[in-house]
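Just so we're aligned, residue 0 is where the sequence shown starts under numbering that gives the first Met the number 0, counting upward by one.
Every residue gets a Cβ at the ideal spot worked out from N, C-alpha and C, and that includes glycine.
Each remark here refers to the structure printed beneath this line.
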Amino acid sequence: MEILERKDNPLLNRVEIKFVWNHPGEGTPTRKDMVIAAAKSEPNADKNLTYIKDVRTVFGKGRTEGYALIYADKASASIEPDYVSDRHKDLFEEPNEGDGE
Numbered sequence: 000m001e002i003l004e005r006k007d008n009p010l011l012n013r014v015e016i017k018f019v020w021n022h023p024g025e026g027t028p029t030r031k032d033m034v035i036a037a038a039k040s041e042p043n044a045d046k047n048l049t050y051i052k053d054v055r056t057v058f059g060k061g062r063t064e065g066y067a068l069i070y071a072d073k074a075s076a077s078i079e080p081d082y083v084s085d086r087h088k089d090l091f092e093e094p095n096e097g098d099g100e
């Protein structure tokens, strides 16, 4: 992942990142992979407070562009619309094992 632009947004207590991910010969990176890479780009970032938006991949190019929002705390992240937080809430939860049968 290559960071194209980084912007501090103190009013919303977040960092906004525009990125490009080159993946020739491979499929589009998963949302989870993009969240992990974006969170690694910021010191002390929490992957559970990192949201990926506006992802665009051009067919046949092997290049994905996107926009990541990295919040400093849970209260600040609460401004994200429900549909966005719903897409991200299960990314890092461990899957439940069966009922032991």
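Given residue i as reference, the closest of the options once Cα atoms are compared
i, options, result
"Y66", "E79, A76, Y50, S75", "Y50"
"D32", "K46, R5, E41", "K46"
"D7", "K88, P80, R62, A71", "A71"
Exposure of residue i, with buried meaning 16 or more beta-carbon neighbours within 10 Å
i, result
"Y82", "exposed"
"L48", "buried"
Per-residue DSSP class, three states only, for residue i
i, result
"D32", "helix"
"G67", "The question names Gly, but residue 67 is Ala in the sequence shown. Reduced to three states, the DSSP call for A67 is strand."
"L10", "coil"
Beta-carbon proximity list for residue i, same chain, < 7 Å, skipping 5 on both sides
i, result
"E41", "V14, I69"
Own chain, CB closer than 6 Å to residue i, minus 5 neighbours either side, in chain order
i, result
"I64", "First, the amino acid is wrong: residue 64 is Glu here, not Ile. The answer, listed in chain order, is V19, R55."
Exercise. So, do the stretch 6-13 and the stretch 22-31 have three or more beta carbon pairs nearer to each other than 8 Å?
Worked result: Too few Cβ pairs lie closer than 8 Å, so no.
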